[in-house]
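Structure, as C-alpha cells:
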Amino acid sequence: MDYTFWTIAPIVLLPFFAFVINAFIVKKFTKLAVGISTGAIFVSFLYALRIFLDFMNVYSVGYHIHKVFSWFNLSSGTQLFEVKMGIYIDNMTSVMLLMVTGAATIIHVFSTWYMHDDPRFGRFFVYMSLFTSAMLGLVLSDNLLSVFIFWELMGFCSYSLIGFYYEKEGAGNASMKAFMTTRVGDVFFLLGILAIWAVVGNVSFVDIYNAIASGKFNNLSITVFSMGIPVATLAAFSIFMGTMGKSAQVPLQVWLPDAMWGPTPCSALIHAATMVAAGVYLSLRMYPLMELGHLTTFIAYVGAITAFGAATIALIQTDIKAVLAYSTISQLGYMVIGIGVGSYNASFMHLITHAVFKACLFLSAGSVIHSIHCQEMPQMGGLRKKLPYTFFAMLLCCFAIAGVPFFSGFVSKDRILGDALVLAVGNPVYIPVAILGFGGALLTAFYMFRMLFLTFFGEPRDHHIYDHAHEEHLGWNSNIPLLILSVFTLGLFYSGSFTGQGEVNLFGSKNEWFSTLIHKPDAASLHHFAEYKSEDLGVVDTRDKLELPKAEFDENHGMNEEEAHHVHQIHHFGALMSVFIAFAGIFLAYSMYIKKTINPDWWAQSFAGWRRALQGKYYFDDLYIGKIIQKGLIPFNNFLAWFDMGIYDKYGIDGWEAVNRFAFNVSRWFDNTIIDSAMVDGTGWSVRAMNTVLRWVQSGKIQLYFMVLVFVLAGYVWKLNF
Amino acid sequence: MHGLDLLSWILWMPIIGVIGVLLIPKEQTTSMKWWALINTVITFVLTIVLYSKFDQSVAGMQPGLSVNIPWIPQFHINYALGVDGISLPMILLTSLLFMLCILSSWTQIKKSIKAYFALLLLLQSTVFGVFMAMDFFLFYVYWEVMLLPMFFLIGVWGGENREYAAVKFFLYTFFGSLLMLVGIVALYFATGQSETSFSILALQGGHFTDLTLKLFGASVSFSKLFFIFMFIGFAIKVPVFPFHTWLPHAHVQAPTAISVILAGVLLKMGTYGFLRIAFPIFPDSAKYFAEAIAWLGLINVIYGALCAMAQTDVKKLIAYSSVSHMGFVMLGLASMTVQGMNGAVLQMFNHGTSTAMMFFMIGIIYERSHHRYIVRPDGSRGFGGLYTQLPVYSIIFIIGMFASMGLPGMSGFISEALIFLGMYEKYTTITVLALFGLLIGAAYLLWMFKRMFFGEVNPEVKEYTDMTKLEVGYMIPLCIAVIVFGIFPSPILNMMKASVGQLVSLLATF
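First to last, the protein sequences are chains S and Z.
With my numbering, letter number 360 in the first sequence gets 360, and the count goes up by one each step, no holes.
With my numbering, letter number 494 in the second sequence gets 1216, and the count goes up by one each step, no holes.
Given below as C-alpha cells:
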C-alpha cells in the first residue's frame, strides 16, 4: 500500500472533525451528532483495518512507516531549534490502531443504547470523539512530545467524562482527583522529555533508539539538587512515573476506582481499554531506555505490588463497577510486570487482550446496571435468565481474565508469569514478583467468578429489582457489541498464525503472528533503527514492500539449545501452575457462592484487621487527601497567603508609610525644638516654610508627585547642560 | 514621507478617540460607546495592516516602518518609533484586548461613562507608546503617563477599597520608575550627551561593560548597578517577587476591563522592558544575574501558585495565578536560549489571551452575583452548580481555565514547554522545581472550578441567566486565539523569532 497523508491522517482527523462539528450542532441535532461520531470512528476503523491488513500482508519485523512534518521552527541565524511532529507506524502501532478503533467503534455503538435516555446524550459523544482522536493521535505519534500532548488531551476528556454527571458532588471530586493524580505523573513525564531532549536533540522514538545504540547516554549524568543522577535513569524513571499515573500503578492508583463516576461506556473505553493502557504503551515504546536506566527491577516490583494489592481490594467490593475498576488496576499491574521482566510482546499482548475482555466486561456490567438500575451485587442474583446474552459475554470474559486455557487472558498472562518465573529461578530478587504475580492470578480468578456468581447465579436476592429488570429494553445495539467483543476473548486470535505456516498450539504456537511481529527493541536490535529513515508527510511511500523478507519466528529467542530447553521447561511449569491456579480460584468462588460449603463470613471475621485495611483501600486516600492535602498543603497555603497580605504587604510594604511618617515627625521635632529654639528666631521662618513644604509633599497627592518629578528632571538636565 | 506614518496612526488613533469622546455630549452615552468601539476597531485594523507589512526576516527594527523625528533637539530627544518581532505581538494583543474591553464595558460601566471611555482610550495610546518608543525619554514619558489613566480607572470605577489599591499601584510603579529615571539620566551622561544618548537602539550592545563609577568611595560596576535599577523598575511591573503585592489589590479593586488590561497588557510591559532595555543595554549584567533572575522566577511560579490556592476570592486567585504565570516568563528570559526566550515572548502573548479570558469571565459572573466568593467568609459556598445553571458560560470558562493551565492543544502549553526546554540544561534544579508549578497550577484552578461549578445548584445561582450574545461575542475571539495558537503557534513564533534570535545571539557573546 502506498502511504500518504490521506491514507493515515483520517484515522485521527475523522473523530476530531466529528468533535468539532458536534460541538456546534449537538444541542439542536443530537441524533445527527451521535450518528456523525459513530460514523466517523467506524470509518477510522476501516482505515486502521486497511493498515493492519497491509502490515499482516507484508509480515516483516522491520516494516514501518515514518513520516514527519515541521510543527514550528525557531531557527534564526546561528540559533537553531525546530520541533517536528510525525507519524510512526510499525507492527505494534498497527495492532494498537486496530484495537483502539475497533473497541471505540463497538463502544460508540453500545453507547447509542446505553446513553440514549440521558439528557446529555449528545454531549457524551462530543467528548468521546475528542477522546478517540486524542488516543489515536497518541498511537500514531513518532515522538514523546506529541505523545505527551495527546496524553494530556485524553486526561482532559477523562476529566470531563468522570465529571459528566456534574450535579453530583462526588463526580466533581472524582474528576478532579483523576486529573490531579495523573498530572503528578505527567509532570515527571515532561521532565523525562526534557532530559531526553537535552541529550538527543529531539524526542523522536527512532532518534532516541539510535542515541541509546550509539551510547550517547553512557556515563552521562546531570546534577539535580546537587546530586549527580545518571541521565538514563532520570529519564527512564520520569517517563515511568507518567506510566504510573496514567496506568494507575501504586502509589498513583487512587484515581481509577473513583473514575467509575463516569458513564459506564466511558469507563469501558477510557478507564479500561485505551487510556489507561496508553501508559503501558508508553513504557513499552521506551523499553530500551528502561533497560538502560536499570529500572526494570523497580518496574517489576511496582507492577507486582499493584497486581496483587488491587486484586486483594477487589475481593471485598460489592459494587460491580468497583470490582472491575480494581481488576483493571490489577491487570495493568500484570502488563507492568511484563515490562519489568522483559516480557515485551506478552506485555503488549496482554494490553490488547485485556482491552478486549475488559471493555466487554464493562459493557456487560453496563447492560446489567442499565437494566436493573442498581450497581450493588448483593441486590442482584439469578440474572442469567433475564439477561442471557449479557451473561454469555460476561462468562467468556471471566474465563479470559481468570486465565482459563483457550482464552486470550491465559495466552498473555501466562507468558508474563512464565517470564517472571524464569527470572525468579535465575535471580532471587525476582522471587517476590513471581509469587505476587501468581498469587494475584489466584485472586483474580476468585473475585471475577465471585462477581459472576453473585450477579447471574443463585436466587434473586432483591425481588423488586429482579422483577423490574428491563430486559425488553436490550436492543441489537446493546447485545451485538457484547457478542463481538466476547468472540475475541478466544486465545486463538492472538496465538494463532496468520500465514498458515504453523499449527495452532494452545500454549503459543510456532510462527504465531504476535510474537513474530512484535519485536522487543532490546540492545541487540537497536542498531536497526539507524536505517529507519523518515520522509515528508506529503510524499508517497515508494519503497517496494515485497522486497522485505517475511519474518521468521525464532523459537529460541537467540538462546542456545540448552538455555532454551531450560527456559521452556520453566515456562511449561508456569503454564501448568497458571491453569491450576485459575481453576483453584474458580473452584473457591464456586464453593463460597454457589455451593456455600465455605462461609465467606468466617473469612471476613478471621481476617478482620486485613479486611479493614481493604475497606480503607490500604489508606492511600486518607494519606493523600486527609494528611498531605488537608493537614499539610492547605494550611501551608493559607499561611503563605496570610503572610503575603497580612505580614509582608501590611508591614513590609505599607509599613513604609509609617517609616515616612516617623521620619517626618522626627524632622519636625528637630525643626521645632532644636533648630527653632536653639537657633536664631529670625531664621525660623525658613524652617517653617520648609516644614510646610514637607507636609505638602507628604500629602499623598499623586499629581503633585508627578509634577515635581517632571520639574526636577527638567531642572536637573537644564543645570547640567547650560 | 507622505502624511503620517502607520505607527503614528496607531499611536495617535486612540487620542482621536479621546477627543471624540470628550466632544460628544454627556447624555449621549450610546454614541460615546459606539465611537470608542469604532475607534478601537480601526486601531485593530491598523495593527493588522501593520502585521501584513511586517517583514519576518528582519531581526532589528522594521526599516520601512520606523520613525525618527527630533522632538526636543536641545537634549537630543526624538520622537522615535519602531516595531520589531518582540513588540509586534504585544501591539496586536493590545489592540485586540482594548477592542474587547470596550465591548465588555458596554453594560458593566454605569457611572461617568464619558470619563471612563476617554481614559480607557488614553490608556491604549500610552500602552502603544511604551511598545513602540525607540527613544528612551519617550519611552519613559509613556511609561509614566500610563499611570495616570490607570490610577483614575482603578480609583474611580473600582470596588469598595479602590482608592487604597489605586494609590498603592501608583506608588509602587512610581518607585520603580524613579530608579529607571536615574538609570536613564546616568546613561545620558555616560554616553556623553550625544546625538544618540536617548536612542534605545544605539545604547544596546553592551557598551558599558567596563565602565565603573565611584559610589560612596567604592568602585562600582556601572553596568551592574544600573541593571539592578532598571531591573527593579521593570520587575515591579511584571511583578516579580518580592514586588508583587500591589497586584492582588489592584486586580480585586479594578473594574473588569481594567483587570483585563492590567493582566493582559500592562504586566507584559515589565517583561518587554527586560527584552528591549535591560537585557540588550546591559547584556553582561543580565548574564551575570541570570541565575538570580531564574530563582526569582521560580519563587514567582511556586509562591504565586500556592498563594492562589488559598484564595477565596476568585479574582484574587486569578491575580495570584498571574504572578505564577509571569514567573514562567522570567524563567524563559533567564534561560537566554533561543527556545526559552521565544517561549517567554510567546508566553507573554498567550498569558495575555488566557488570563484576559479568565478576568472577563469573572466580570460576567460578577454582574450577576455581585460577589466573587468561592467560599464566603462564613464558610458557605459562594457559588455551586454553575455548570448546571449556566452551560454556555461553563464551557467558555473551561476553555479559558485549561488554556490558563497550559493544557496541550491550548496556547499556554507551547510557551511553557519551550521555556522548560530552554532552561533545563542550564538550571536543572530550578526546572525540576518549576515543573511542580504546573501541578499546583492545575490544582488551584480545578479546585476553584469544582467548588464553583459542580454539585447542586445554589438557590442564589438559580436566578442567574446565561451569557448574553454580546458577552459570547467578545469571548469568541479569545477562545479562537487560545485554541488556534495552541495548535498552530507558527504565526506568532515566526513573527518574533528573528528578533528574539538576535537578542539571544547578543547575550551569547557575553
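Glycine included, every Cβ here is placed at the ideal spot set by N, Cα and C.
Beta-carbon spacing of residue i, residue j below 8 Å
i: C360 of chain S; j: L485 of chain S; result: yes
i: H740 of chain S; j: D142 of chain S; result: In the structure displayed, chain S extends from 1 to 722; residue 740 of chain S sits before or after that span and is not available.
i: Y864 of chain Z; j: V878 of chain Z; result: no
i: S238 of chain S; j: A195 of chain S; result: yes
i: A33 of chain S; j: V26 of chain S; result: yes
i: L138 of chain S; j: I193 of chain S; result: no
i: D536 of chain S; j: V68 of chain S; result: yes
i: G1106 of chain Z; j: M1197 of chain Z; result: no
i: S1044 of chain Z; j: L989 of chain Z; result: yes
i: R306 of chain S; j: Q375 of chain S; result: Note that residue 306 of chain S is Thr in the sequence shown, not Arg. Going by C-beta atoms, T306 of chain S is not nearer than 8 Å to Q375 of chain S.
i: G728 of chain S; j: V276 of chain S; result: Since the first residue shown for chain S is 1 and the last is 722, residue 728 of chain S is missing from the structure and cannot be characterised.
i: L1140 of chain Z; j: L1068 of chain Z; result: yes
i: L442 of chain S; j: A584 of chain S; result: yes
i: I339 of chain S; j: S327 of chain S; result: no
i: A1027 of chain Z; j: M1058 of chain Z; result: no
Per-residue contacts from residue i into chain Z (C-beta, under 8 Å)
i: N637 of chain S; result: L1028, C1029, M1031 and A1032
i: A171 of chain S; result: F1176
i: L153 of chain S; result: L1129, P1130 and G1131
Under 9 Å from the C-beta of residue i: neighbouring residues of chain Z
i: V184 of chain S; result: L1161
Closer than 7 Å at the beta carbon, the chain S residues around residue i
i: Y1109 of chain Z; result: Y166
i: A1165 of chain Z; result: M180
Contact set between residue i and chain Z, taken where Cβ atoms lie within less than 7 Å
i: V224 of chain S; result: T1150, T1151 and V1154
i: D649 of chain S; result: T967
Within-8 Å CB hit, residue i to chain S
i: P1130 of chain Z; result: yes
i: Q1061 of chain Z; result: yes
i: S1046 of chain Z; result: no
i: F776 of chain Z; result: no
i: A781 of chain Z; result: yes
i: G1242 of chain Z; result: What is shown of chain Z runs 723 to 1232, which leaves residue 1242 of chain Z out entirely.
i: V1097 of chain Z; result: no
i: L1212 of chain Z; result: For the sequence presented, residue 1212 of chain Z should be read as Ser rather than Leu. Yes, its Cβ sits closer than 8 Å to a Cβ of chain S.
i: K1219 of chain Z; result: yes
Cutoff 8 Å: residue i Cβ touching any chain Z Cβ
i: Q253 of chain S; result: no
i: M180 of chain S; result: yes
i: F5 of chain S; result: no
i: T233 of chain S; result: no
i: L546 of chain S; result: A caution first: L546 of chain S carries a pLDDT of 47, below 50, which makes its placement in the model too unreliable to give a value.
i: F156 of chain S; result: yes
i: G163 of chain S; result: yes
Residue i: contacting residues in chain S (beta-carbon distance under 9 Å)
i: Y1025 of chain Z; result: L640 and D644
i: N883 of chain Z; result: Result: empty, since nearest Cβ-Cβ is about 12 Å, beyond 9 Å.
i: K990 of chain Z; result: Correct list: empty, because the minimum Cβ distance to chain S is about 20 Å.
is_contact[residue i, chain B] using C-beta, thresh 8 Å
i: V1204 of chain Z; result: Among the chains of the structure shown, chain B does not appear; the protein chains present are S and Z.
Partner residues on chain S for residue i, Cβ-Cβ distance less than 8 Å
i: W1169 of chain Z; result: M176
Residues of the region 1137–1158 of chain Z with Cβ closer than 7 Å to any Cβ of chain S, in chain order: F1142, L1143, Y1146, E1147, T1150, T1151, T1153, V1154, L1157 and F1158
Using 8 Å as the threshold, is the region 775–792 of chain Z in touch with the region 1042–1062 of chain Z, meaning 3 or more CB pairs across them? no
Quick one, which residues of the region 653–673 of chain S are near chain Z if we go by CB-CB under 7 Å, in chain order? I653
Specify whether the region 476–490 of chain S and the region 358–378 of chain S touch according to this definition: at least 3 beta carbon pairs, one from each stretch, less than 8 Å apart. yes
Taking any Cβ of chain Z, which residues in the region 71–83 of chain S have a Cβ under 9 Å from it, in chain order? W71, F72, N73, L74, S75, S76, G77, T78, Q79, L80, F81 and V83
Relative to chain S, which residues along the region 792–810 of chain Z have a C-beta separation below 8 Å, given in chain order? Q796 and F797
Can you pull out the residues from the region 187–205 of chain S whose beta carbon lies closer than 9 Å to at least one beta carbon of chain Z? V187, F188, L190, L191, I193, L194, A195, W197 and A198
Check whether the region 156–170 of chain S touches the region 101–108 of chain S, taking contact to mean three or more Cβ pairs, one atom from each stretch, closer than 8 Å. no
Evaluate the contact criterion for the region 446–455 of chain S versus the region 390–406 of chain S: three or more CB pairs, one atom per stretch, below 8 Å. yes
To be precise: take each residue of the region 139–150 of chain S, compare its Cβ to all Cβ atoms of chain Z, and keep it if any distance is under 8 Å. Which residues remain? L145, F148, I149 and F150
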